[in-house]
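Here the structure is laid out as structure tokens; the discussion comes afterwards.
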Amino acid sequence: GENVEQHPSTLSVQEGDSAVIKCTYSDSASNYFPWYKQELGKGPQLIIDIRSNVGEKKDQRIAVTLNKTAKHFSLHITETQPEDSAVYFCAASKTGFQKLVFGTGTRLLVSP
Amino acid sequence: EAGVVQSPRYKIIEKKQPVAFWCNPISGHNTLYWYRQNLGQGPELLIRYENEEAVDDSQLPKDRFSAERLKGVDSTLKIQPAELGDSAVYLCASSSTGANTGELFFGEGSRLTVL
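Line by line, the protein sequences are chains X and F.
According to the numbering used here, the first sequence is numbered sequentially starting from 1.
According to the numbering used here, the second sequence is numbered sequentially starting from 1001.
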């Protein structure tokens, strides 16, 4: 089955810096790659997603890039703010969004 | 619009005791998911319902876990008997099959501690 690896496990940046989180997946048939943000005591919340027919997608300060050949995708957050501090999960699916396989998460800490 | 509602938020039980979690999805969402999230890990799918039908329960430990979704709305996840390794956060999520996005809407989770 699908296996998703995520790095780094923790990431500390200063406010205003950029943050990059990387994920690799094993199943070349995967075609949907969302990113979820989980704040303490809350459930994960979708922040951006990308499908395999697109190489890059941007939404304000966040962007996701996908390299199908290398089977990896990345989340980029620019101009980080303290409220960006949370755990971020990547995920992959080959059946649309119905059977997501999540990575192990990255704890992002943005210091003022 | 109300989000996905789960209860209880926290539950502490002794091993071998039963426990049940309840989920009320977003109104109109026909797909409901139960995920388990171990400490420091990503969510893992336990079961997915399309309306009242369990269409994917391949990762549900059926010897001790059961789930139901009566009338295709609310759902209950039960563990009987609980084991120490069942300590985790149980997340319920819902989505709309007819939506053009793949977004899953998660509840805040039910944190289970088995002593």
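Every residue, glycine too, gets a C-beta built ideally from N, C-alpha and C.
Near residue i, what residues of its chain come up, given a Cβ to Cβ distance below 7 Å and the 5 sequence neighbours on each side ignored?
| i | result |
| --- | --- |
| X:I77 | S18, A19, R61, I62, D84 |
| X:E79 | G16, R61 |
| F:Y1035 | P1043, E1044, L1045, L1046, L1091, A1093 |
| X:D82 | Reading the sequence as shown, one finds Pro at residue 82 of chain X and not Asp. These residues qualify, in order along the chain: E15, V110, P112. |
Would residue i pass as a contact of residue j if the rule is Cβ separation under 8 Å?
| i | j | result |
| --- | --- | --- |
| X:K99 | X:A29 | no |
| F:Y1049 | F:C1092 | no |
| X:G43 | F:G1109 | yes |
| X:L109 | X:S12 | yes |
| X:G105 | X:V87 | yes |
| F:G1042 | X:F89 | yes |
| F:Q1059 | F:L1077 | no |
| F:N1024 | F:D1074 | yes |
| X:E2 | X:V64 | no |
| F:E1053 | F:L1070 | no |
| F:V1019 | F:I1013 | yes |
| X:A70 | X:Y25 | no |
If you drop the 5 nearest sequence neighbours on each side, which residues of the same chain put their C-beta closer than 6 Å to that of residue i?
| i | result |
| --- | --- |
| F:F1065 | I1079 |
| X:D49 | P34 |
| X:Q14 | S111 |
| F:P1081 | K1016 |
| F:V1089 | Q1037, G1109, R1111 |
Can you check DSSP and say which residues form a bridge with residue i?
| i | result |
| --- | --- |
| X:V20 | X:H76 |
| X:H7 | X:K22 |
| F:L1112 | F:K1011, F:A1088 |
| X:A70 | Looking at the DSSP assignment, X:A70 forms no beta bridge with any residue, so it has no partner. |
My understanding is that residue i touches residue j, with C-beta atoms under 8 Å, so please give their C-beta distance in whole angstroms.
| i | j | result |
| --- | --- | --- |
| F:E1068 | F:K1015 | Going by Cβ atoms, the distance from F:E1068 to F:K1015 rounds to 24 Å, so no, they are not a contact pair. |
| F:F1106 | X:Q45 | 7 Å |
| F:S1095 | F:L1104 | 5 Å |
| X:G57 | X:I47 | Checking the sequence shown, residue 57 of chain X turns out to be Lys, not Gly. With 8 Å as the limit, X:K57 and X:I47 do not qualify as a contact, their Cβ atoms being about 11 Å apart. |
Would you say residue i reaches chain C, if we count a Cβ-Cβ gap shorter than 8 Å as a contact?
| i | result |
| --- | --- |
| X:K22 | Looking for chain C here will not work: the only protein chains present are X and F. |
Between residue i and the rest of its own chain, which residues show a CB-CB distance below 8 Å, the 5 nearest in sequence each way excluded?
| i | result |
| --- | --- |
| X:V54 | L66 |
| X:S52 | S30, N31, Y32, F33, L66, K68 |
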